[in-house]
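Read the structure below first, then the notes.
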Amino acid sequence: MSDSAINIEGVSKQYKLGNEAPSTLRQALSNIFSKRNEKKTFFALDNISLEIKKGQTIGIIGKNGAGKSTLLKVLSKITFPTKGRIEIYGRVTSLLEVGTGFHPELTGSENIYLNGSLLGMTKYEIQGKFDEIVQFSGVGNFINTAIKHYSSGMQMRLAFAVAAHLDSEILLVDEVLAVGDYEFRKKCLEKMDNLSTKSKRTVIFVSHNLTALETLCETSILLDKGKIVKKGKTRDVIKYYKNDMLDSPEEATISNHRQSHRSQEVIISDISTVDGRTQFTQDQDIIFNMELTSEMSFSNLLVEFHIYNESTDKVVEIYSWDSNTKIDINKETLTFRFDFGSMRLSSGRYYADIKVKNAIGVSALDYIQMFPLFEILNVEDNRPRVKTDRGGYLTVIPKLEKI
Amino acid sequence: MEKTIIKAESSSWLPDFGELYRFRQLLFSLAWRDIRVKYAQTYIGLTWAFINPIFNLLILSFVFGKVVQVETNGVPHVFFTIIGLSAWTYFSTLLNEAGTSIIGAQNMIKKIYFPRLVIPLSKAISGLVDFFITLLCLFFIMAYYQYYPSKNVIWLPLFLIIALLSGLAGGILISALSARYRDFSFVVPMISRIGLFATPVAYSASSVPEQYKLLYFLNPMAGVVEGFRWCLIGSSSPEPYMFISIGIMLILLIVGILYFGRVDRLMADIL
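Protein sequences, first through last, are from chains A and B.
Under my numbering, the residue at position 130 of the first sequence is numbered 130, and the numbers go up by one with no gaps.
Under my numbering, the residue at position 9 of the second sequence is numbered 1009, and the numbers go up by one with no gaps.
Structure (structure tokens):
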């Protein structure tokens, strides 16, 4: 017997676009009679072949829509491939979304049984692990309280605890750690590391968080448009991804980063730095102009910036409402100047999710995703030893005097 | 070690019964969830399970017992009707809950793998709570009229199982159909409404004219309701037409499971 845990041979997954798949009987009938079969399709996975060895922890990297989640769904039998064949040796647990199947009215312990059985555990397996699960989740005395009274963090911990204690040979994890507080993320990462190194589990891990991938996975694959474009040591794959796949600020266009087509009632029509440069040193003020075009009249719009570093860790959230200027617009194109001041960031590229909203919490009117906004250069300025990549998010140059 | 092969083409239309058995705990967990949730959110909780059948019973007894005055062979009409109603209510609730269960569970289906058939199957268990409550009402009424169950009562579980399988047969088929074509979710309320009158709940099947009997017993529940009455009152033995009901039920069940198996692989993509 081979030592492979998963063997993927030429797997493709094709989706039909638009409303081709009939969702009512009338559509199904009328499709039979109309012969316009100009089917628009796309491949979410395009001829993927991959062997994953037992005990290996493998990361999957890629932009949104590269096929990462589809691959996990195919491996966990949620959806089936259009072509190809997969052999899996061992029991698979997939954690595609934390807390699926949790019911708010049920208590913590009832939800452990429900979630455990959804993942294929028997009553005795759950009973045997129960104390360990409760211990790991840290919900303590709340275990007999309905989980609608839990904080979202507690629900998350409980859900991860159930899945992590399942005796399956293969664990598929998707973006689970994007949420939750730092302590919990650390605990989860440790647990997953434990699973792979000590218990020789095979772990497949999808994340936007490149730092987490790098600590957890020795090897990684890079997916783009449903194809494996790079495979190897995680460090090398991430490097390739950063250099070749992510846009540099000079060549980025807004429309390429617009997340789906929104209502278009108001859009960000242009972003440009004042003199066209996108590189700053760490003590320079980051100033840029944003042009908004509106077909309707809005008063007091909110522009949110969620700024990420190269490892896609969120560095800061900046809200236009925190300034004194209101953004009012009435069927016109207006330019606003944003000045973030000197943010004292570490060197590297910075990406922004930019949302235009009517109010906090509502869905965005316009949404620009992972737009490369600026780059902080690693320059040694006139002081010979100043560096801006010491580690961490910020560069702090201390003032030091002898007193 | 377990070996799984995932292929583009499915090799079998039949569900994987071994896997279904491994997920047996899920059957009970889902049923328990439904029972808990149904009664946890209401103030008077389980009382609802009594109120519903009692009101149905009152209106049916009034219309069929007092207004139309159907022939019941001397059995008090209230007692006569609640027997039919207990079987029918269980069936129609199960049909409705199982029929809408796949659409209702779409979030789970898109995120976790488990044998999908468990979802409609679990509704057969959760529906039993309401059934036993109705049965309790039935025994009170029985005691009030000083009836004793006939010795046929030992067959009651068999007819309950036929009711369960009938409800599942329709429910499984409709749940798969409505996952594909949403139109089918409108079918269930229609069946429930028509079925209450096309089933001998408040009248006796013996009063159905002979030339319509063959057609009448195509309804799987016609046989079950007559069977329930035979068990509890011990009146006339069930007519041989009942086997048509059972045959139809079995055909529906097989068709339902096969069609479900066919849609199963597509569910996450089409929901």
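Glycine residues also receive a C-beta, built at the ideal position from the N, C-alpha and C atoms.
Any C-beta of chain B under 9 Å from that of residue i
{"i": "S109/A", "result": "no"}
{"i": "N19/A", "result": "Per-residue confidence for N19/A stands at a pLDDT of 49, beneath the threshold of 50, marking its modelled position as unreliable; no derived number is given."}
{"i": "K87/A", "result": "The sequence shown places Glu at residue 87/A, rather than the Lys named in the question. Yes, contact with chain B."}
{"i": "S4/A", "result": "no"}
{"i": "T145/A", "result": "no"}
{"i": "R406/A", "result": "This structure cannot settle anything about residue 406/A, because the visible part of chain A is limited to 1 through 403."}
{"i": "K77/A", "result": "yes"}
{"i": "K73/A", "result": "yes"}
{"i": "Y113/A", "result": "yes"}
{"i": "V206/A", "result": "no"}
{"i": "F43/A", "result": "no"}
{"i": "L365/A", "result": "no"}
{"i": "G62/A", "result": "no"}
{"i": "Y241/A", "result": "no"}
{"i": "S94/A", "result": "yes"}
{"i": "E132/A", "result": "no"}
{"i": "L158/A", "result": "no"}
{"i": "S117/A", "result": "yes"}
{"i": "L292/A", "result": "no"}
{"i": "Y150/A", "result": "no"}
{"i": "M121/A", "result": "yes"}
{"i": "E169/A", "result": "yes"}
{"i": "G392/A", "result": "no"}
Classification of residue i by the beta-carbon crowding that lies within 10 angstroms, buried from 16 upward
{"i": "K187/A", "result": "buried"}
{"i": "E1210/B", "result": "exposed"}
{"i": "K404/A", "result": "Chain A is shown only over 1 to 403; residue 404/A falls outside these bounds and no answer can be derived."}
{"i": "I1054/B", "result": "exposed"}
{"i": "D486/A", "result": "A query on residue 486/A cannot be resolved here, the shown segment of chain A reaching from 1 to 403 and no further."}
{"i": "F1184/B", "result": "buried"}
{"i": "A359/A", "result": "exposed"}
{"i": "G341/A", "result": "exposed"}
{"i": "D1264/B", "result": "buried"}
{"i": "E1097/B", "result": "buried"}
{"i": "G67/A", "result": "buried"}
{"i": "A1268/B", "result": "buried"}
{"i": "N111/A", "result": "buried"}
{"i": "I271/A", "result": "buried"}
{"i": "K399/A", "result": "exposed"}
C-beta neighbour in chain A for residue i, strict 9 Å
{"i": "T1134/B", "result": "no"}
{"i": "Y1212/B", "result": "no"}
{"i": "R1022/B", "result": "yes"}
{"i": "M1108/B", "result": "yes"}
{"i": "Y1181/B", "result": "yes"}
{"i": "K1007/B", "result": "yes"}
Which listed residue (the options) has its alpha carbon closest to that of residue i
{"i": "L1232/B", "options": "G1127/B, A1268/B, K1066/B, P1157/B", "result": "P1157/B"}
{"i": "L95/A", "options": "V134/A, N115/A, R344/A, F305/A", "result": "N115/A"}
{"i": "I1125/B", "options": "S1207/B, S1175/B, Y1043/B, D1034/B", "result": "D1034/B"}
{"i": "L1164/B", "options": "P1149/B, F1140/B, W1088/B, A1105/B", "result": "W1088/B"}
{"i": "Y367/A", "options": "G348/A, S269/A, G226/A, T281/A", "result": "S269/A"}
{"i": "F1159/B", "options": "G1256/B, L1014/B, F1055/B, Y1090/B", "result": "Y1090/B"}
{"i": "L1135/B", "options": "Y1241/B, L1085/B, S1204/B", "result": "L1085/B"}
{"i": "S294/A", "options": "E169/A, S137/A, V266/A, T281/A", "result": "V266/A"}
{"i": "K73/A", "options": "T93/A, N7/A, K63/A", "result": "T93/A"}
{"i": "D3/A", "options": "S12/A, E51/A, L365/A", "result": "E51/A"}
{"i": "I376/A", "options": "Y350/A, Y319/A, L171/A", "result": "Y350/A"}
{"i": "S12/A", "options": "H165/A, S49/A, N330/A, A212/A", "result": "S49/A"}
{"i": "P1115/B", "options": "I112/A, G120/A, N111/A, Y113/A", "result": "G120/A"}
{"i": "M1249/B", "options": "L1168/B, V1208/B, K1111/B, T1100/B", "result": "L1168/B"}
{"i": "Q27/A", "options": "Y1216/B, R1182/B, F1260/B", "result": "R1182/B"}
{"i": "E317/A", "options": "I307/A, S323/A, M245/A, N324/A", "result": "I307/A"}
{"i": "K54/A", "options": "G10/A, I170/A, E132/A", "result": "I170/A"}
{"i": "F1017/B", "options": "L1138/B, I1257/B, Y1212/B", "result": "I1257/B"}
{"i": "V1075/B", "options": "S1236/B, Y1259/B, S1101/B", "result": "S1236/B"}
* Asked: Are three or more beta carbon pairs between the stretch 1220–1227 of chain B and the stretch 1188–1203 of chain B nearer than 8 Å?
  -> Remark: three or more beta-carbon pairs, one from each stretch, lie closer than 8 Å, so the stretch 1220–1227 of chain B and the stretch 1188–1203 of chain B are flagged as touching.
* To do: Take every Cβ of the stretch 1168–1177 of chain B, pair it with every Cβ of the stretch 1117–1124 of chain B, and state whether three or more of those distances are shorter than 8 Å.
  => With a cut-off of 8 Å, the stretch 1117–1124 of chain B and the stretch 1168–1177 of chain B count as touching, because enough Cβ pairs lie within range.
* Hey, is the stretch 235–242 of chain A in contact with the stretch 202–209 of chain A, meaning 3+ C-beta pairs nearer than 8 Å? -> Cβ pair count under 8 Å is below three, so no.
* Length at least 3, wholly inside the stretch 254–290 of chain A: the beta strand (DSSP E) runs in chain order -> Note on the stretch 254–290 of chain A: whole beta strand (DSSP E) runs with a minimum of 3 residues are 266–273, in chain order.
* Asked: Residue ranges of each beta strand (DSSP E) run of no fewer than 3 residues wholly in the stretch 152–240 of chain A, ordered along the chain?
  -> DSSP runs (the beta strand (DSSP E)) wholly in the stretch 152–240 of chain A: 170–174, 202–206, 219–224, 227–233.
* Asked: Given 8 Å as the limit, is there contact between the stretch 139–154 of chain A and the stretch 101–115 of chain A, that is, 3 or more CB pairs closer than that?
  -> Contact check between the stretch 139–154 of chain A and the stretch 101–115 of chain A: three or more CB pairs, one atom from each, fall below 8 Å, which counts as touching.
* Mind listing which residues of the stretch 254–285 of chain A have their C-beta closer than 9 Å to chain E's C-betas, in chain order? -> The chain inventory of the structure shown lacks chain E, comprising the protein chains A and B.
* **Inside the stretch 1131–1182 of chain B only - alpha helix (DSSP H) runs reaching at least 4 residues** => Whole alpha helix (DSSP H) segments, 4+ residues: 1156–1180.
* Are three or more beta carbon pairs between the stretch 1093–1108 of chain B and the stretch 1185–1192 of chain B nearer than 8 Å? -> At 8 Å Cβ cutoff, the stretches touch.
* Count the CB pairs spanning the stretch 222–229 of chain A and the stretch 59–66 of chain A that are closer than 8 Å, and state whether there are at least three. => Because the criterion of three Cβ pairs below 8 Å is met, the stretch 222–229 of chain A and the stretch 59–66 of chain A touch.
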